[in-house]
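Q: Just so you know, we're using full-length UniProt numbering here: the sequence shown kicks off at 1 and counts up by one.
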Amino acid sequence: MSTIDLVDAPARRLAVDPTRSCLVRAPAGSGKTELLIQRFLALLATVPRPDAILAITFTRKAAAEMRQRVLDALLAAQQPLPDQAGEHQRTTYRLATAVLQRNETLAWNLFDHPQQLQIQTIDSFNASLVARMPWLSRLGGLPAISDQPRQLYRQAVRQLLAASRTTDKLNRGLRQLQYHLDNRSDRLEELLVQLLERRDQWLRHLFGDQVRPRDELQQALEAVLAEHLAEAARAVPLACRDEVMALGRFAAEQLADEQRPISHLLQAECFPEADLEALPVWRGLAELLLTSEGQWRKACNKNIGFPAGKKDPFASMKQRMLELLKRVSDEDCQALAQVVSLPSGGYSDQQWQTLDALLDVLPALVAQLWWVFRHCAEVDFTEVALKARQALVDSGQPTEQLLALDRQIDHILVDEFQDTSWLQFDLLSTLVSGWQPDDGRTLFVVGDPMQSIYRFREAEVGLFLQAGQQGIGPVSLQSLQLSANFRSQQGIVDAINGWFPDIFPAQEDAGRGAVCYFPAQPVLNRGMGEAVSVYPDYHNNPDEEAAEVVELIKVLRDRHPAESIAVLVRSRTHLKSILPHLQKHAIGYMAQDIDVLTQCPVVSDLTALTKALLHGGDDLSWLTVLRAPWCGLTLDELIHFAPSKTTTVAQLATTEAVLSALPPASQQRVAAVIAIVVEYRRRRGRVPLRQLVESCWRDLDGPCYYGGQAVHDVEPFWALLDRLDYGGDLLAIEQLDESLQQLFATPVVSGESAVQVMTIHKAKGLEFDHVVLPSLGRKPRRSDHPLMRWLEHPTHGLLMAPITAPGDVADPIYGLLGQLEQRKEDYEVARLLYVALTRARRTLHLFGQAALARDGQAQPASGSLLATLWPAIGHHFVPDDSQTLQGDSEQDARRYGPPLLRRAEPLYAVQPKRAEADGVTPWRSGTIASHVGTLVHHWFERFALDPQAIENYHQVEQRSALIGRQVRLLGLAEHHIEPMVGRINQLIDTMLSSDRGRWILAPHPQGRNEYALSGELDGQFVNVVIDRTFIHETERWIIDYKTSVPGRLSMEEFYQQQAEIYADQLHRYAQLLGRLDPEHRCRCALYFPACDGWYELNFQE
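Written out as structure tokens, the structure reads:
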């Protein structure tokens, strides 16, 4: 396909027009960077100075790449254009040639002075603003940017909490917050740290000019609630609304004596408006139309105001209600279901008391943080951005710096605009605030909202959507959509086009972060073989999946040795099994920022040694020092050092009575280690921290106990101690722990064709020939409820709510914000999946794990990437019988832990008698017999549920291998496995070859297997599980399977004994089922598959 065939060719031409301000949506593989270069070249050919153009990116790598590509285009334009050049290359060549002419005419000397090209990251641009005007930004010289700003936040919080309170207002605020958090100082500290982390979102709302915080918060809440009710209204089509209200009033009349939400419909004359005053009516509509689970009703009865009756108006109104429910059943009712939990009004006095306390504390906290910044000569990026804006606007007026920039900059380009934060958006709005229509200046922003995946970095995709609708500041933007995909072969593009319209939301919403899917147009032809392969798994065994992934990689490398392969995961923890398998098979890989340094043994031991040197009461660290290889105590020996309230491990380690309990060799090692550690503890604060720890470690002969990789792993640790050194100590021990979480082991690089291993977030902006996505069925780690929820809405402003105080009724505003955040999170998960799939050029391989439900159907884990992708690939997860049976057994094993859950006998009101008579021979006693019973019952249940399974597994050979795998899951010794498989096969064969056995397993009316019932019998509550029950002719049969055999007893003696043992049990079954199904007489029997035995028990009621 040539470029002239592209459907987005007109949009590409408009994007390069230097007279237009544009917002360009550039999906994955659409050639965004090339378009950005062309735009920059087109502008460069028209401006009087190169620095009249400001290009902003979000990473140093992107800025360097853009600068280099501009220079490369100019260098290429000095040579003849190749005849085979494509249309986009010709466009770049033409634009670069015009720039060369202007460069020569105006003597720019760009090749000698490329710094004239103003291509910067947003952070470097902010820093340059601060550096130019230190007196306005109040930072003086530009301080260093902290790698661990949380440590600065925590320092500010602790200083504020520890300092003497100078004002009653601050005292009251802190007391109220402490009270709200149940006097938990640690939670208060964490709350304030969280607020400082995201202070850019609330500072301007709470402390700007003429701000009334409570009014602003209340107005924002009401606007969001009204928006939610408007969405709920869309669940009821316009043509149905009058009918809904008429039926609602009828139902309310029938329930007039009850205090129900439906009762509010009685006085409602018309369909409610989307405002808070109508919220009771909305709740009445929700009760009328929806079930308690939030789904459309399928039936109506007297409970919702439609009593039974054949006479009018009851019959006709009930019929009208049923017809209405059919008409609305295809509408989305989620928003209507959520009106039940919406806040009834604004902030209550109790809620506001806590928020008001925050407003009393936050000014002092921000001031304290500023003092910490000054004292440490370090700031965070947020502070630089805040001060950069302050350098442009002071007290609401433009500064000289802003006026100077306004005179200098004629054109602004912003790359990756979908990752813009509120503060960055505000800065951009400020830069263009003085622009006028038709003054020749242009703003060009490009990005892909479908790839916005950095909410954890404060990226707000709603700002991209808002800019497309409203522009930025005074600048209106023409929206352009690219669609050509130059990266992926047609098979991959077609798959993504077919899947994502149903995965992405149908309508865009800036407030909720909802982005629609725009299909791509493939430029490359379909490749050979399958473009997308799905590997379903029902066992959720990471090792098995890792082995399969490695085998796939080996095949890909053999077939395509020169092509790139990437393994992408949602979380680093999903690689725990894959990396060892790659190493085992000598497959070279590049894994950057994957292995957290704390997982390395040498660093873990050094961390404990550091803490022990700095704190004599850190018992866990001291125990680790004694356990480390330089001392090497066993776990049994460590028990002697268990600390108490009055003694620490460090003290016990020098106690003669404790040491004497150890073997002589261990005593010597402990004495030597403790002597060295104690000696270095005396030097604490007198030598640098790194020197203290490293010297102690070397005196302990630490380097001798670790492999060669340890040499590389310890270097980042030593550098960290140098950086955290505070007079030979740590300012706070949390600094070490938090900093270590950001350090990663040296990446493994092996071979030129190393497999790339990384998270999906790291892979954004990259592309590979073959992409493998394992662990799609794994759930992410659940996040805790934050102590404060807040949300900045693009239109309505700021919403805030603290966590509900312990013992109080759940705060509906906090819950509402949680729902909004969860919806945003769900939308971003879909975008994360899109990013992962669009990294592939030639083939895409999807590995997913789905659990098997009792009905044999596969179910993805909620919140997993597979659950998001399920509408598209769920049809690949159709297990056959062997997978279903194996899956059930393995799920039981995982759920209940090894050994496999024994088949639990019911909880009886009367304990059954034990079989103690001579001659009765269970096949084996104890655990193994219980395992046999469990698996036999499992197979019988499967046969009864699926008659086809009887044909599939009628022969021993067809099921032996599967039974063997099931038995091995029990974790038994190998010598037990073959006898157990043989015994289970014998019991199954007897059952399937018997007419009676076939009759028991055959389909019957109301057939149930492993049927659980509960009820009260003889004044006691009992739980029972019935093996098999069904209706035959006019009677209900209750059948209990028993694997015992007669042994030396006659059959009559055997039956009589078994009946004596289990009579009480079956009697209770009959009593409970008789209550549940009084229309059928119950008959009870024991079935013995070992001998095809049958014994019926008769109970006289």
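Even glycine gets a Cβ: it sits at the ideal position worked out from N, Cα and C. Predicted model only: the values in this text are computed from it and were never measured.
Closer than 6 angstroms by C-beta to Asp722: which residues in its own chain qualify, once you throw out the five before and the five after it? Chain order, please.
A: Excluding residues within five positions, the ones whose Cβ falls inside 6 angstroms are Arg690.
Q: Is Pro1005 near Ile1031, with beta carbons less than 8 angstroms apart?
A: Yes.
Q: Quick one: Cα of Lys779 to Cα of Ala226, how far?
A: Computed Cα separation, rounded: 34 angstroms.
Q: In terms of DSSP beta bridges, what is Ala795 paired with?
A: Checking the displayed sequence, the identity of residue 795 turns out to be Thr instead of Ala. DSSP, once it has assigned bridges, lists no residue as partnering Thr795.
Q: Any idea what DSSP makes of Leu575, helix, strand or coil?
A: DSSP places Leu575 in helix when its eight states are reduced to three.
Q: If you run the structure through DSSP and keep just helix, strand and coil, what is His539?
A: Coil at His539, not helix or strand.
Q: At a cut of 8 angstroms, does the stretch 766-785 reach the stretch 838-858 through at least three beta carbon pairs?
A: Verdict: yes, contact present.
Q: Cα separation between Gln338 and Arg831?
A: Roughly 24 angstroms between the two C-alpha positions.
Q: Which residues in the same chain have their Cβ closer than 8 angstroms to the Cβ of Gly305, if we skip the five residues on either side of it in sequence?
A: Hits under 8 angstroms: Phe250, Ala251, Ala252, Glu253, Gln254, Leu255, Ile262 and Leu288.
Q: Leaving out five residues before and five after Leu1001 in sequence, what residues of the same chain have Cβ atoms less than 6 angstroms from its Cβ?
A: These residues qualify, in order along the chain: Phe943 and Ala944.
Q: Which same chain residues end up closer than 7 angstroms to Ala810 when comparing Cβ atoms and leaving out the 5 residues on each side of it in sequence?
A: Result list for Ala810: Thr804, in chain order.
Q: Quick one: what does DSSP say Asn171 is sitting in, helix, strand or coil?
A: Looking at Asn171 - three-state DSSP - the assignment turns out to be helix.
Q: Within 10 Å of its beta-carbon, does Leu238 have 16 or more other beta-carbons around it, so buried, or fewer, so exposed?
A: Counting Cβ neighbours within 10 Å, Leu238 comes out exposed, since fewer than 16 surround it.
Q: Name, in chain order, the residues that DSSP records as bridge partners for Trp790.
A: Looking at the DSSP assignment, Trp790 forms a beta bridge with Met800.
Q: Keeping to the same chain, check which residues put their C-beta closer than 8 angstroms to that of Tyr814; ignore five residues upstream and five downstream.
A: Excluding sequence neighbours, Tyr814 sits near Arg789, Ala801, Pro802, Ile803 and Thr804.
Q: Can you give, in chain order, each stretch of the alpha helix (DSSP H) that sits fully within the stretch 674-710 and has at least 4 residues?
A: If we require 4 residues or more, the alpha helix (DSSP H) runs fully inside the stretch 674-710 come out as 689-699.
Q: Should the stretch 488-496 be called in touch with the stretch 460-471, which here means at least 3 C-beta pairs below 8 angstroms?
A: Flag = no, the stretch 488-496 and the stretch 460-471 do not touch.
Q: Does the Cβ of Arg686 have 16 or more other Cβ atoms within 10 Å, making it buried, or fewer, making it exposed?
A: Exposed, because fewer than 16 other Cβ atoms sit within 10 Å of the Cβ of Arg686.
Q: From Leu987 to Pro1089, what does the alpha carbon distance come to, in whole angstroms?
A: Taking the straight line joining both Cα atoms gives about 5 angstroms.
Q: Could you say which of Gln115, Gln84, Gln78 and Gly86 lies nearest to Thr97 if we only look at CA atoms?
A: Nearest option by C-alpha distance: Gln78.
Q: If you draw a straight line from the C-alpha of Val550 to the C-alpha of Ser577, how long is it?
A: If you take the alpha carbons of Val550 and Ser577, they lie about 11 angstroms apart.
Q: Would you say Leu142 and Ala163 are within 8 angstroms of each other, going by their C-beta atoms?
A: Taking 8 angstroms as the Cβ cut-off, Leu142 and Ala163 do not qualify as a contacting pair.
Q: Can you say whether Trp1051 is buried or exposed, counting buried as having 16 or more other CB atoms within 10 angstroms of its CB?
A: The question names Trp, yet the displayed sequence has Met at residue 1051. With fewer than 16 Cβ atoms within 10 Å of its Cβ, Met1051 is classed as exposed.
Q: In this structure, how does DSSP classify Cys1082 when only helix, strand and coil are distinguished?
A: DSSP places Cys1082 in strand when its eight states are reduced to three.
Q: Counting along the chain, where does the alpha helix (DSSP H) carrying Met321 start and finish?
A: Element bounds for Met321: Phe314 to Val328.
Q: Given 8 angstroms as the limit, is there contact between the stretch 359-376 and the stretch 170-178, that is, 3 or more CB pairs closer than that?
A: Touching, per the Cβ criterion.
Q: Grab me the residues of Gln368's own chain with a C-beta within less than 6 angstroms of its C-beta, minus the 5 sequence neighbours each way, in chain order.
A: Counting only Cβ-Cβ distances below 6 angstroms, and skipping sequence neighbours, we find Ala156, Gln159 and Leu160.
Q: Under the three-state reduction of DSSP, which class applies to Val432: helix, strand or coil?
A: Three-state result, Val432: coil.
Q: Let me know the secondary structure DSSP gives Pro716 once reduced to three states.
A: Helix at Pro716.
Q: Near Asn540, which residues of its chain fall below 6 angstroms by C-beta distance, leaving aside the five closest residues on each side in sequence?
A: For Asn540, where only same-chain residues beyond five positions count, the Cβ hits under 6 angstroms are Gln849.
Q: With 16 as the cutoff for other CB atoms within 10 Å, does Gln115 come out buried or exposed?
A: Burial call: exposed.
Q: Which residue wins for smallest C-alpha separation from Leu724, given the options Leu736, Glu273 and Leu324?
A: With distances taken between Cα atoms, Leu724 lies closest to Leu736.
Q: Is there contact here, the stretch 866-882 with the stretch 547-562, by at least three beta-carbon pairs under 8 angstroms?
A: Short answer: they don't touch.
Q: Looking only at DSSP bridge pairs, what is Ile565 linked to?
A: Answer is His770.
Q: To the nearest angstrom, report how far apart Ala510 and Ala220 are at their CA atoms.
A: When rounded, the distance between both Cα atoms is 15 angstroms.
Q: Let me know the secondary structure DSSP gives Ala337 once reduced to three states.
A: Here Ala337 sits in helix by DSSP.
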